[in-house]
Amino acid sequence: MGPDLTGPGQPAARQFSLALSIDVVVEEKAATTEVASEQDDFHPGIRLWTIIIGLGVTILLTALENTIVTVAMPSIISELNMGENYIWITNAFFVCSAAIQPLLGQLCNVFGRRWIMLASVAVFTLGSGICGGANSAAMLIAGRAVQGLGSGGIGLLIDIIVSDLVPLRYRGNYIGVILSLYGVGTTLGPFIGGSIVATTTWRWIFYLNLPIGGASFVILFLFLHVHYRDHVTLKEKIRRIDFLGNAVLITSTVSILYALAYAGTSYGWSDWHILVPLLVGFLGLLLFLFTQSKTLCPFAAAEPVVPLRLFHHRTSLIVTINTFINSALTFWGVFFLPVFFQAVLLFGPQRAGVALLPMSLVAIPGSALAAMSISRWGRYKPVHVAGFAVFMLGLGLFMLQDPQTTTAQWAAYQCICALGAGILLNSHLPAFQSAVPESDQAAATAAWGFIRSIGWVFGVAIPASIFNSRVGELVAAGELVTDPAAVKMLAGGEAYGAASAAQVQQFPLEVQDGIRLVYTEALKRVFLVSVAVAGVGFLLSLFEDEIVLRKRLDTEFGLKHENDRYNRTKSVV
């Protein structure tokens, strides 16, 4: 769901385990043991399916945006003279998407799912209009930030709404339907982006969201009618918001992600410009954990934004880490495979978009397969182990790519990698939700969405740092590239922005060969590290516990008029 944001510092909660023991509400017996007499009383109807389709149309917005921009970035960077600020085309989007999610998780509990969802769609559409009309780098970055706020809400609310309407055991099937439309967006995104750049202005990759955003807003406005706590006064609603926790978390997140945006590119990792915001950010996360405990913090909110009880189970902690890893690795490939196609194989933007199709075409069936497996057998651990194993293999195969790689080879490598990524795409959420009661579903989903979004940011920032560092080493060695103009194009963190066939082909053939080899070697380093990271996820998956997935739905945010002939899900209202 798109682009969408996996949080550093969460395992540190274990440091507080003794002091927080009073806070932790241990419900392992309820979470791990299914009542023998439980009946399957879930009977979906037309209203539910209408909402699912509406959510699917909405996810097209973020799905297109996740992939359509990657192919168009060189053109955008060139026209707006963005220089090293190009990193904020993606980072502004992901930083805002990640930072806003915990707050939105609380707001949708307080004000209801419907209005927060509609507001998110409207904000995303507004941001798209700003980006399309941008006449400067600052305006484009501002528009991307607004888009990120909307995208964070869309991705989060879709997961929460499905959790409200479908029992945990069967959610995968309905998420699979939504993901099929997500797959359409991610599949068509690179192709549409490449076609737009090749035939008209890049601005249409943003204007394209306007009619889709309008259509999704109308569908959700007409059909998304769910219960919310309308009996609570506005004053009581505001008092339930964890302003302190949200302020500390947002500030810490932005500080860390700001440092990651420039680390290894504009500044070295040991430079104070990087160390200071990193230190402030991580200390802020420790302070955030402190504010979430009523035992430790006298100013803690009655309803913390991220209740620490969400992480009392070992599986919760493992799934938290692996959600971060999977999200990071997904964007690791999405943002660096276009570099291979355009700077190494010298494909144009449109052809590069088509070359990415195997990634999208295989990932969604893989995700659907995982969802059906979890719904059928109620087991997620084998899915996670298999997913990381296949993902790790696919990432390793990318290390074999060079200027002589054939179409059959790179397509096969993508299919293997995409299968692993697809299996893991949304299969961690049921595992995370299984360890917490239904009353904590919104908070759990918001925390999981935050972790996922942070992983996306790290999945761009970390490989970018590795890539730029390796390019710098190769250029400084003076063996592959000696032409002054080529050195200037590649040095100082400029190599990613220059990763296009047009930029490479402006040089004589012998210089082109050296440039292509620089990109090849840098990408090998990027994917080597990704294999190691995937290996960590694989090992952690082996230590997950299997928790029974609930078949009954107890929620106060279900469909209105739920006893009519269209829907008969159990709801506590």
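Just so you know, we're using the working numbering here: the sequence shown kicks off at 8 and counts up by one. The beta carbon of each residue, even a glycine, is placed where N, CA and C say it ideally should be.
- Taking a contact to require three or more Cβ pairs closer than 8 Å, the segment 136-149 and the segment 160-177 do not qualify as touching.
- Residue 409 holds the alpha-carbon nearest to the alpha-carbon of residue 347 among 438, 409, 112.
- Under DSSP, residue 274 takes part in a beta bridge, and its partners are 270.
- Under the three-state reduction of DSSP output, residue 233 falls in the strand class.
- Under the 10 Å beta carbon count, residue 550 is surrounded by fewer than 16 other beta carbons and is classified as exposed.
- Taking C-beta atoms as the reference points, residue 510 and residue 353 fail to come closer than 8 Å.
- Across the set 232, 418, 63, the C-alpha of 418 shows the shortest separation from the C-alpha of residue 361.
- Fewer than three beta-carbon pairs drawn from the segment 386-394 and the segment 443-450 are found closer than 8 Å, and the two stretches are therefore not classed as touching.
- By alpha-carbon distance to residue 525, the top candidate from 540, 486, 82 is 486.
- The C-beta of residue 245 has fewer than 16 other C-beta atoms within 10 Å across all chains shown, which makes the residue exposed.
- Spanning the alpha carbons of residue 343 and residue 242 requires a straight line of approximately 48 Å.
- Within its own chain, the residues whose Cβ lies closer than 6 Å to the Cβ of residue 425, once the five positions on either side in sequence are excluded, are 366, 369, 370, listed in chain order.
- The Cβ-Cβ distance between residue 374 and residue 429 falls below 8 Å.
- When only Cα atoms are considered, residue 270 and residue 333 end up about 22 Å apart.
- A direct Cα-Cα distance of roughly 15 Å separates residue 398 from residue 407.
- Around the beta carbon of residue 517, fewer than 16 other beta carbons lie within 10 angstroms, which makes this residue exposed.
- Within the same chain, and ignoring the five residues on either side of residue 507 in sequence, the residues whose Cβ sits closer than 6 Å to its Cβ are 81, 349.
- The segment 178-206 contains, as complete alpha helix (DSSP H) runs of 4+ residues, the segments 178-206 (chain order).
- Sequence-distant partners of residue 83 (beyond 5 residues in either direction) whose C-beta falls short of 6 Å from its own C-beta, in its chain, are 209.
- Considering only 459, 492, 337, the residue with the shortest C-alpha distance to residue 421 is 337.
- Around the Cβ of residue 557, a 10 Å sphere holds 16 or more other Cβ atoms; the residue is buried.
- A contact between stretches requires three or more CB pairs, one per stretch, nearer than 8 Å, and the segment 449-461 meets this requirement with the segment 94-107.
- For residue 115, the uninterrupted alpha helix (DSSP H) run begins and ends at 94-118, by DSSP.
- Distance from the CA of residue 469 to the CA of residue 536, rounded to the nearest whole angstrom, comes to 10 Å.
- Separation of residue 359 and residue 111 (C-alpha to C-alpha, rounded to the nearest whole angstrom) is 36 Å.
- Residue 255 and residue 295 do touch by the CB rule: their CB atoms are close to 5 Å apart, below 8 Å.
- With a cutoff of 8 Å on beta-carbon distance, residue 136 and residue 157 are scored as not near each other.
- Going by DSSP, residue 280 is part of the alpha helix (DSSP H) stretching over 279-298.
- Taking a 10 Å sphere around the C-beta of residue 75, we find 16 or more other C-beta atoms and assign the residue as buried.
- Remark: C-beta atoms of residue 299 and residue 309 do not approach each other more closely than 8 Å.
- Here residue 452 is buried, its C-beta having at least 16 other C-beta atoms within 10 Å.
- For residue 163 against residue 456, the beta-carbon gap comes to about 4 Å, under 8 Å, which counts as contact.
- If you look at residue 155, you'll find it in the alpha helix (DSSP H) that goes 144-172.
- Setting aside the 5 residues that flank it on each side, residue 264 is surrounded in the same chain by 98, 102, 464, each with a C-beta closer than 7 Å to its C-beta; the list follows chain order.
- Listed in chain order, the non-local C-beta contacts of residue 247 below 7 Å within the same chain comprise 117, 309, 310, local neighbours out to five positions each way being set aside.
- Nearest C-alpha to residue 141 among 218, 193, 211: 211.
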